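Trainee:
Chains as they are written, first to last, in the numbering used here: chain H, 25 to 432; chain S, 292 to 535.
#1: For the region 363-393 of chain S, which segments carrying the alpha helix (DSSP H) assignment without a break, of at least 4 residues, lie completely within its bounds, in sequence order?
#2: On a Cα-Cα basis, can you pick out the residue from 197/H, 256/H, 267/H, 295/H that is closest to residue 321/H?
#3: At which residues does the alpha helix (DSSP H) containing residue 223/H begin and terminate?
#4: Output the distance between the C-alpha atoms of residue 422/H and residue 408/S, rounded to the nearest integer angstrom.
#5: Would residue 277/H and residue 191/H qualify as a contact pair, given that the criterion is a beta-carbon distance under 8 Å?
#6: Assign residue 160/H to one of three DSSP states: helix, strand, or coil.
#7: List, in order along the chain, the chain H residues whose C-beta lies closer than 8 Å to that of residue 457/S?
#8: Across the region 445-458 of chain S and the region 372-382 of chain H, are there enough close Cβ pairs to call them in contact, namely three or more that are closer than 8 Å?
#9: Quick one: list the residues of chain H neighbouring residue 516/S, beta-carbon separation under 8 Å, in chain order.
#10: I'd like the list of long-range same chain contacts for residue 422/S, defined as Cβ closer than 6 Å, with 5 residues on each side in sequence excluded.
#11: Ignore the nearest five residues each way along the sequence and tell me which others in residue 301/S's own chain have a CB closer than 6 Å to its CB.
#12: Assuming the contact rule is C-beta atoms closer than 8 Å, residue 485/S and residue 413/H should be a hit. Round their C-beta distance to whole Å, please.
#13: If I measure Cβ to Cβ from residue 506/S and keep anything under 8 Å in the same chain, skipping five residues before and after, which residues do I get?
#14: Taking its Cβ as the centre, do 16 or more other Cβ atoms sit within 10 Å of residue 159/H, making it buried, or is it exposed?
#15: Where residue 180/H and residue 283/H are concerned, what is the direct C-alpha to C-alpha distance, given to the nearest angstrom?
#16: If you draw a straight line from the C-alpha of residue 288/H to the C-alpha of residue 495/S, how long is it?
#17: Quick check: the Cα distance between residue 271/H and residue 286/H, rounded to an integer number of angstroms?
#18: Taking the alpha carbon of residue 396/S as the point to measure from, which residue in 410/S, 382/S, 415/S, 383/S has its own alpha carbon closest?
#19: Check residue 212/H in the structure and name its three-state DSSP category.
#20: Using CA coordinates, which residue listed in 238/H, 195/H, 196/H, 203/H is at the minimum distance from residue 215/H?
#21: Which residues in the same chain as residue 433/H place their Cβ atom closer than 6 Å to its Cβ, once the five residues preceding and following it in sequence are excluded?
#22: Are at least three pairs of beta-carbons, each pair with one atom in the region 304-315 of chain S and one in the region 343-357 of chain S, less than 8 Å apart?
#23: Which residue or residues does DSSP assign as beta-bridge partners of residue 69/H?
#24: Counting along the chain, where does the alpha helix (DSSP H) carrying residue 242/H start and finish?
#25: Rounded to whole angstroms, what is the Cα-Cα separation between residue 304/S and residue 246/H?
#26: Between the Cα of residue 187/H and the Cα atoms of 275/H, 426/H, 347/H, which residue gives the shortest distance?
#27: In angstroms, rounded to a whole number, what distance separates the CA positions of residue 125/H and residue 386/H?
#28: Which residues bound the alpha helix (DSSP H) around residue 243/S?
#29: From the DSSP output, in three-state form, read off residue 150/H for me.
#30: May I ask which residues mark the beginning and end of the alpha helix (DSSP H) holding residue 420/H?
#31: Can the beta-carbon of residue 314/H be found less than 8 Å from the beta-carbon of residue 325/H?
#32: Distance, Cα to Cα, residue 426/S vs residue 391/S?
#33: Here's the rule I'm using: 16 or more other beta-carbon atoms within 10 Å means buried, otherwise exposed. How should residue 412/S be labelled?
#34: Between the Cα of residue 52/H and those of 332/H, 224/H, 102/H, 227/H, spot the shortest distance and give me the residue it belongs to.
#35: Measure the Cβ-Cβ separation of residue 383/H and residue 323/H and say whether it is below 8 Å.
#36: Say whether the region 304-312 of chain H touches the region 222-233 of chain H, bearing in mind that this needs 3 or more beta-carbon pairs closer than 8 Å, one atom from each stretch.
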């Protein structure tokens with residue numbers, strides 16, 4: 025074991041030496057910078073909270089001041105020149121730096137001082153913590169607030185601070201804030217972190233091109249279902265009119281479908297689907313039938329749903345949601361062979377009779393002659409009977425008026 | 292009207308009103324101002340419960356009325372009086388032209404004078420004489436009967452949609468829904484226009500006869516509105532007086 029002792033001793037000496045050197049340097053700096061009143065001529069504080077630095081990830085690892093403030097490393101005469109070079113994190117964090125170079129933040133117009141974002145704006149300066157640390161500004165539970173410090177007011181994005189703030193109503197934010205789920209989506213899960221891009225940038229994680237993959241990162245099963253359905257198949261073809269996740273579920277304020285404010289709450293589904301499926305232009309372009317909302321509303325399901333009943337069937341109850349398929353697909357929930365099963369979800373013991381008729385009745389005349397006959401018969405009968413009533417009543421009144429006049 | 296008949300009438304009014312209030316908004320789903328009626332959570336569900344409870348009460352009322360009609364003497368007698376006769380059609384025809392007064396007008400102007408002197412009936416000088424029930428009342432009674440039948444059958448099959456669809460294809464079930472809705476509209480209009488005019492708004496009876504409240508018709512009402520019944524009662528009393 026004797027041969028081990030020498031290198032061990034040398035190593036210990038080295039560590040002690042470095043520590044000694046570093047400690048000395050940092051102390052040198054703190055002689056001045058521990059004074060809370062130390063300020064530049066234009067009142068910018070130069071105070072460094074050394075205790076915070078020591079507990080930061082860099083301080084804890086034993087970095088000295090000059091490791092980051094590199095232009096001070098050779099200097100022995102203090103006080104040093106007033107203006108230092110900005111710290112660059114690139115030396116150690118090369119990958120993050122490269123990602124950041126491509127981001128919307130790095131391309132922010134430098135002439136507007138507000139928008140030039142650098143590492144420290146998100147990560148902090150002397151008090152940087154590891155991203156796993158509860159106190160870190162980029163710890164999943166803290167990140168939304170870090171982004172909001174700029175994006176609520178200071179930096180107006182295209183859709184304004186109100187739109188950003190709506191995130192706080194979302195199920196994702198509830199997951200973070202109430203359930204403490206670090207895996208629940210915060211800003212960076214959808215928008216990216218160092219490489220955050222503008223939504224109109226095709227390479228953005230939230231662009232039409234990438235949004236399915238982005239949501240699918242967590243909602244994998246739904247991504248799979250979506251891609252198997254008619255919407256997903258058209259999405260892969262690159263059709264721009266096909267709905268992606270956010271078209272139905274909204275964006276920042278995504279809530280659970282059970283939540284009354286959700287865009288896909290049971291009674292609101294029909295509205296969401298009919299945005300496209302009642303659109304004449306789209307229907308002509310892609311060959312689907314319109315008047316879905318009207319025909320749904322006129323059915324008991326639709327009427328009840330309009331009046332706030334949540335237990336009746338909405339579009340999704342019969343058509344499915346993520347993997348909607350055309351009725352010609354044997355796997356479709358509304359394929360005639362599958363209708364008894366689909367209807368049977370609510371109507372126990374539903375048989376083949378459920379398939380003998382139309383759910384969305386555009387024209388009774390064309391699809392159900394007897395229903396058309398009964399309806400027409402009733403309308404004519406009601407009109408005739410009311411006419412007879414009114415005729416009898418009007419001659420009665422007429423008679424009274426004349427009689428009174430005669431008497432008078 | 293005896294107490295049983297008045298209770299039947301009251302139950303009919305109550306259940307009819309509830310059924311209309313809880314039913315018509317569903318028919319007129321497109322009208323926006325009806326929506327807030329059912330905005331609180333579960334209210335549509337409660338609406339359904341109330342509608343069906345009222346329907347069951349109305350059906351029980353109908354069953355009671357049928358049993359009453361079959362098993363009491365008064366019920367049977369009333370029913371016999373209620374049977375439509377040819378006279379009712381003639382009455383309707385005569386009262387219409389009597390009120391319209393068109394032929395009397397023509398006669399005064401000297402048009403078709405010969406025809407009217409030969410057939411004075413066509414002048415409709417006097418209104419028809421009604422018995423215990425006039426054609427209006429008979430029409431309403433049988434309209435309620437027919438309407439109840441349509442509404443009960445179609446309504447029951449809408450209630451038990453699984454049963455309905457195990458017996459009929461969907462397109463037949465759709466007809467039940469149409470029937471239920473349009474028959475309801477017809478009944479509603481009949482009550483609002485016909486019944487309300489004839490028993491309340493008509494100046495002859497305004498504001499109303501108290502018969503549906505205390506069961507008694509006044510002598511004047513009987514004499515003017517139901518002269519044949521008045522005479523019949525008079526004759527019966529005469530007979531009783533003579534025999535005693």
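A virtual CB, placed ideally from N, CA and C, is assigned to each residue, including glycine.
Keep in mind the model is a prediction, meaning the values are calculated, not measured.
Mentor: Judging by the given coordinates:
#1: 364-373, 377-391
#2: The residue you call residue 321/H lines up with position 297 of the first chain. It is 295/H.
#3: The residue labelled residue 223/H in the question sits at position 199 within the first chain. No alpha helix (DSSP H) holds residue 223/H; DSSP gives it neither H nor E.
#4: Looking up residue 422/H in the first chain gives position 398. Looking up residue 408/S in the second chain gives position 117. About 25 Å.
#5: Numbered from its first residue, the first chain carries residue 277/H at position 253. Numbered from its first residue, the first chain carries residue 191/H at position 167. Yes.
#6: In the first chain, residue 160/H corresponds to position 136, counting from 1. Coil, per DSSP.
#7: Translated into the one-based positions of the second chain, residue 457/S becomes position 166. By Cβ distance, chain H contributes 373, 375, 377.
#8: yes
#9: One-based indexing of the second chain puts residue 516/S at position 225. Those do not exist, as residue 516/S stays about 13 Å from chain H at its closest Cβ, beyond 8 Å.
#10: If you number the second chain from 1, residue 422/S lands on position 131. Closer than 6 Å at the Cβ level, and outside the excluded window around residue 422/S, lie 519, 520.
#11: Counting from 1 along the second chain, the entry for residue 301/S is found at position 10. Cβ neighbours of residue 301/S beyond the five flanking positions: none.
#12: Taking the first residue of the second chain as position 1, residue 485/S is located at position 194. Taking the first residue of the first chain as position 1, residue 413/H is located at position 389. Rounded, the Cβ-Cβ distance is 5 Å, consistent with contact.
#13: As a first step, residue 506/S is located in the second chain; it is residue number 215 there, counting from the start. Within the same chain, residue 506/S has close Cβ partners 292, 293, 294, 296, 297.
#14: Your numbering for residue 159/H matches position 135 in the first chain. So residue 159/H ends up on the exposed side.
#15: On the first chain, residue 180/H is found 156 positions in, with the first residue counted as 1. On the first chain, residue 283/H is found 259 positions in, with the first residue counted as 1. Near 29 Å, if we compare the C-alpha coordinates of residue 283/H and residue 180/H.
#16: For this step, residue 288/H is matched to residue 264 along the first chain. For this step, residue 495/S is matched to residue 204 along the second chain. For residue 288/H and residue 495/S, the distance between alpha carbons rounds to 59 Å.
#17: As a working note, residue 271/H is residue 247 in the first chain. As a working note, residue 286/H is residue 262 in the first chain. For residue 271/H and residue 286/H, the distance between alpha carbons rounds to 12 Å.
#18: As a position in the second chain, residue 396/S is number 105, starting the count at 1. Out of 410/S, 382/S, 415/S, 383/S, 415/S has the C-alpha closest to the C-alpha of residue 396/S.
#19: Within the first chain, numbered from 1, the residue matching residue 212/H stands at position 188. In the structure shown, residue 212/H sits in a helix (DSSP, three-state: H, G or I).
#20: By one-based count along the first chain, residue 215/H stands at place 191. Per the Cα distances, 238/H.
#21: The requested residue 433/H does not occur in the structure, where chain H is confined to residues 25 to 432.
#22: yes
#23: In the first chain, the residue the question calls residue 69/H occupies position 45. BP columns for residue 69/H point to 63/H.
#24: Here residue 242/H corresponds to residue number 218 of the first chain, with the count starting at 1. 232-242 is the extent of the alpha helix (DSSP H) around residue 242/H.
#25: Numbered from its first residue, the second chain carries residue 304/S at position 13. Numbered from its first residue, the first chain carries residue 246/H at position 222. So the two alpha carbons sit approximately 55 Å from each other.
#26: Counted from its first residue, the first chain places residue 187/H at position 163. Residue 187/H has its Cα closest to that of 275/H, out of 275/H, 426/H, 347/H.
#27: In the first chain, counting from the first residue as 1, residue 125/H sits at position 101. In the first chain, counting from the first residue as 1, residue 386/H sits at position 362. The straight-line gap from Cα to Cα measures roughly 56 Å.
#28: With chain S covering 292 to 535 only, the question about residue 243/S has no answer from this structure.
#29: Along the first chain, one-based indexing puts residue 150/H at 126. Correct three-state label for residue 150/H: coil.
#30: To locate residue 420/H, count along the first chain from 1; it is residue 396. Counting along the chain, the alpha helix (DSSP H) containing residue 420/H begins and ends at 393-431.
#31: The sequence position of residue 314/H within the first chain is 290, counting from 1. The sequence position of residue 325/H within the first chain is 301, counting from 1. No.
#32: For this step, residue 426/S is matched to residue 135 along the second chain. For this step, residue 391/S is matched to residue 100 along the second chain. So the two alpha carbons sit approximately 18 Å from each other.
#33: Counting from 1 along the second chain, the entry for residue 412/S is found at position 121. That one is exposed.
#34: Residue mapping note: residue 52/H aligns to position 28 of the first chain, counting from 1. With distances taken between Cα atoms, residue 52/H lies closest to 102/H.
#35: Reading the first chain from its first residue, position 359 is the one you call residue 383/H. Reading the first chain from its first residue, position 299 is the one you call residue 323/H. Yes, Cβ-Cβ distance for residue 383/H and residue 323/H is below 8 Å.
#36: no
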